[in-house]
Every structure is written in C-alpha cells, then in structure tokens.
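Visitor: Following this message is one structure expressed as structure tokens.
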Amino acid sequence: MPGKKAIFAKVMRAIGLPPIVTRMRSLVCDEVTILAYHRVLDIADETAYPFDPDLISASSADFRWQMAYIQKHYTPITFGRLLDCLDGKDTLPPRPIIVTFDDGFDDNYHFAFPVLKSLGVPATIFISTGYIDQPRTFWFDWLYYLYNMAAASPVQPLSFAGASFSLSRDPARRQEITANLYNHAKRLPDDVLRTEIAALEKRVGVSYPENGFPQSRPLSWKQVREMASHGIELGSHSVTHPILANLSETKLHEELTVSKARLEHEIGQPVDIIAYPVGYDFAFNEKVIEAARKAGYRLGACYLPGINRAKQMDLFRLKRLHVERYVDRSYFQTMLALPEFFS
Ligand SMILES: [Zn+2]
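In the numbering used here, each residue carries its 1-based index in the sequence shown increased by 15.
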C-alpha cells in the first residue's frame with residue numbers, strides 16, 4: 016500500500032471524516048460505488064500458502080467489518096435494482112453500493128456468504144461457469160502454484176511461453192515476479208496459454224490431486240443455487256476465464272452465451288451482467304462489448320478502478336474499487352469516501 020495514502024487515510028479516520036465526506040458528496044454527486052472482491056480467506060502463514068495470496072481480498076474478520084461499515088453508511092443494492100432504476104421502475108437510494116466477487120472460489124460460500132446473509136447485504140458473484148463443480152482450480156491460481164513448486168526445485172529459471180522468470184521463495188520478490196508472469200500469460204492467445212500451462216505442469220512434474228486442493232477450489236452448483244436463493248445475484252465471468260479480447264469471434268460468442276445460459280439454467284433467473292475476466296483495458300474492447308450486448312447482457316463490469324456517475328453511466332464499462340487483503344479499516348473508509356485519490 017502506498018505510504019502517503021495510508022498515512023492520509025489514518026488521519027482521515029482518526030478525525031472521523033470518511034463517513035461525513037461520504038454524506039456530503041452524496042448530496043452533490045449522483046454516484047454508484049461498486050466494490051470488487053475475489054476471495055475471503057484466513058491464511059495463517061503466507062509463506063507456506065501455495066496459491067496466490069493476492070487473490071485474497073480480505074480476512075473473514077475484515078470482511079465482516081467492511082460489510083457492517085457499508086451497511087451503516089451506504090445502501091447496498093444489486094445490479095438488478097440498478098437496472099430497475101435505469102428502466103425508470105425504481106429510484107436509486109442514497110449512497111448506493113454494490114458488492115461484487117469475481118471468479119467463483121468456494122470461500123465465497125464458506126466465509127463471505129454467511130456474513131452477507133447475517134447482515135442482509137446483497138452481493139453479486141461473477142462466475143466462470145466451466146470451473147464450477149470441477150476439482151481443477153482457475154488457471155491463474157494453478158499457474159501461481161506451478162511457479163511455487165518450480166521455485167522449490169533446483170531448476171532455474173522458469174521458462175514459460177518464450178520468456179524466462181527467475182524463481183524466488185521470498186514473498187515480496189515472488190509477488191513481483193509472478194505479476195510479470197501473469198502479465199506475460201494474459202497477453203498470449205488463449206490456446207497457447209492453455210498449452211503452455213499444460214506443458215509447464217509436465218516440466219514441473221506436478222500431478223493434479225483427484226479432489227483438487229482445499230485452499231483453491233471453485234464453488235459447486237449446489238452452493239451457487241443455495242446462495243442465489245438467499246439474495247446473492249449471479250453474473251457471468253465467461254466459461255473458462257480467457258482474456259476475451261484475445262479470442263476469435265466464434266470463441267468469444269461461445270464464452271459469453273454458454274456461461275449466461277448455464278447460469279440461467281441453474282438459477283432459473285435471467286443473467287444480465289458480465290464482468291470481463293481480468294478486466295483491464297487490454298482484456299476487453301469494443302468488439303467484446305458489442306458481442307456482450309448481442310449475447311443479451313445489459314451491463315458489463317471491468318476491473319478499471321473508479322466510481323460510476325449515475326446519470327452518465329457507461330453501462331459496459333462499469334468501474335470498481337478494488338478491495339485488497341492489505342486494505343485496513345482507515346484505507347477502506349477513505350477509499351470509499353475519496354475514490355479519486357485511492358483507486
Ligand atoms: Zn477473474
């Protein structure tokens with residue numbers, strides 16, 4: 016976390032300013048805040064944790080505190096209600112906020128869902144449908160795991176799709192190198208990416224356990240249906256979590272329509288929103304947005320940081336505020352109150 020921002024946030028919180036700023040700006044700005052989470056998980060020892068710790072957005076205690084805070088100072092809503100407001104069937108409440116999760120890790124069910132249910136806070140989970148009920152985890156977390164396994168071997172450095180990455184077990188260095196590895200992987204054509212991961216798996220000599228890994232497991236359809244029947248809204252996050260902008264027209268259409276149809280089949284409700292996997296500007300483009308529109312989506316969330324003006328909402332470029340595991344209480348409050356400076 017940048018030092019100056021953290022200090023500023025601590026001062027803001029110490030004098031009780033964030034909720035006051037939130038109320039004041041809601042009088043003059045018509046805004047919809049969207050929070051982006053991935054995983055809610057407690058890990059005792061980060062160095063011993065074999066998957067990507069940066070996918071953990073909050074511990075269960077931090078998540079409970081964050082949800083209680085937004086329930087007190089904001090009005091948590093769903094995208095469904097936002098659509099009703101856009102259609103003129105409803106009006107936006109004061110300080111509307113939407114809680115979202117990307118991917119569909121099973122900790123969303125085990126740790127986030129009980130908190131959301133007990134506080135009555137709605138949320139939206141964007142699901143990559145091809146992973147649900149499968150023992151295999153999401154490709155990016157698996158790639159991270161393979162890096163970690165390679166780092167434990169004498170083989171140096173790690174070669175992946177024409178680039179090489181040094182191997183390190185130092186947590187800070189490891190996060191830096193794996194960020195570069197991800198950046199490289201996310202720019203590959205999708206078929207090359209899958210082939211390279213399979214080849215790396217062989218080189219590292221790791222075989223996938225039959226029942227997967229408890230620390231990195233996708234949701235089951237049973238869990239998805241249970242959450243959907245208790246106020247959790249579902250959105251698409253594609254089928255296989257590819258970079259949509261890297262796909263052929265046919266494959267893009269398939270990722271958008273198959274995931275939507277599967278979710279609708281499972282929960283018996285229309286699915287109107289998609290979050291583009293990875294979601295940065297290289298991951299989606301006009302072609303992707305047009306294809307999403309054609310597939311029947313009405314809203315698209317990206318991963319570009321920011322807040323959305325209700326009256327000039329860019330419906331297929333909804334911005335979100337990222338909640339990361341190092342976001343403490345003062346940072347969380349101040350990021351919500353002053354997103355221009357904290358996102
Ligand atoms: Zn994702």
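Note that the Cβ used here is the ideal one computed from N, Cα and C, for glycine as well.
If the criterion is Cβ atoms closer than 7 Å, does the pair SER75 and ASP57 meet it?
Guide: Cβ distance < 7 Å, so SER75 and ASP57 count as in contact.
Visitor: Check whether the region 101-109 touches the region 180-196, counting contact only when three or more Cβ pairs, one atom from each stretch, lie closer than 8 Å.
Guide: Contact fails: fewer than three Cβ-Cβ distances are below 8 Å.
Visitor: Report buried or exposed for HIS245, applying the criterion of at least 16 other Cβ atoms within 10 angstroms of its Cβ.
Guide: Exposed.
Visitor: Would you check if the distance between the CB atom of GLU182 and the CB atom of PRO172 is smaller than 7 Å?
Guide: For clarity, residue 182 is Leu in the given sequence; the question names Glu instead. A contact, by the Cβ cut-off of 7 Å.
Visitor: From THR152 to TYR64, what does the alpha carbon distance come to, in whole angstroms?
Guide: The alpha-carbon atoms of THR152 and TYR64 are separated by roughly 15 Å.
Visitor: For LEU351 and LEU333, which I take to be in contact (beta-carbon distance under 8 Å), what is that distance rounded to the nearest angstrom?
Guide: Actually they are not in contact, since the Cβ atoms of LEU351 and LEU333 sit about 16 Å apart, beyond 8 Å.
Visitor: Within 10 angstroms of its Cβ, does GLN149 collect 16 or more other Cβ (buried), or is it exposed?
Guide: Answer is exposed; the Cβ neighbour count stays below 16.
Visitor: Where do the N-terminal and C-terminal ends of the alpha helix (DSSP H) with TYR159 fall, by residue?
Guide: Element bounds for TYR159: 154-166.
Visitor: Please name the residue or residues paired with ASP329 in a DSSP beta bridge.
Guide: None, per the DSSP bridge assignment.
Visitor: Evaluate the contact criterion for the region 220-240 versus the region 113-122: three or more CB pairs, one atom per stretch, below 8 Å.
Guide: These segments touch.
Visitor: Can you tell me the Cβ-Cβ gap for TYR312 and PHE299, rounded? I've got them flagged as a contact below 8 Å.
Guide: In fact, because the Cβ distance is near 12 Å, the residues do not count as touching under 8 Å.
Visitor: Of all residues in the structure, which have a C-beta closer than 6 Å to any heavy atom of ligand 1, taken in chain order?
Guide: With the cut-off at 6 Å, the residues found are ASP117, ASP118, HIS252, HIS256 and PRO292.
Visitor: Have a look at ARG96, ALA213 and GLY18 and flag the residue whose alpha-carbon is nearest the alpha-carbon of SER222.
Guide: Closest by alpha carbon: ALA213.
Visitor: Is the Cβ-Cβ distance between MET39 and PRO33 less than 7 Å?
Guide: Not in contact: MET39 and PRO33 (Cβ atoms no closer than 7 Å).
Visitor: Assuming ARG138 is part of the beta strand (DSSP E), what are its boundary residues?
Guide: Just to set this straight, residue 138 is Ala in the shown sequence, not Arg. Its beta strand (DSSP E) spans residues 138-142.
Visitor: In this structure, does DSSP put CYS44 in helix, strand or coil?
Guide: Coil.
Visitor: Quick check on ALA290: does DSSP put it in helix, strand or coil?
Guide: ALA290: strand per DSSP, three-state reduction.
Visitor: With H, G and I counted as helix, E and B as strand and the rest as coil, what does DSSP make of GLU281?
Guide: In the structure shown, GLU281 sits in a helix (DSSP, three-state: H, G or I).
Visitor: Indicate whether the contact test is met: 3 or more Cβ pairs, each with one atom in the region 305-324 and one in the region 35-51, closer than 8 Å.
Guide: Yes: at least three Cβ pairs fall under 8 Å.
Visitor: Straight-line CA distance for GLU211 to GLY31?
Guide: Approximately 51 Å, taken between the alpha carbons.
Visitor: In angstroms with no decimal places, state the Cα-to-Cα distance between GLU191 and CYS100.
Guide: Looking at the two C-alpha atoms, the distance is approximately 42 Å.
Visitor: If you follow the alpha helix (DSSP H) that VAL26 is in, where does it begin and where does it stop?
Guide: Its alpha helix (DSSP H) spans residues 18-29.
Visitor: Bridge partners for GLU248 per DSSP, in chain order?
Guide: THR139.
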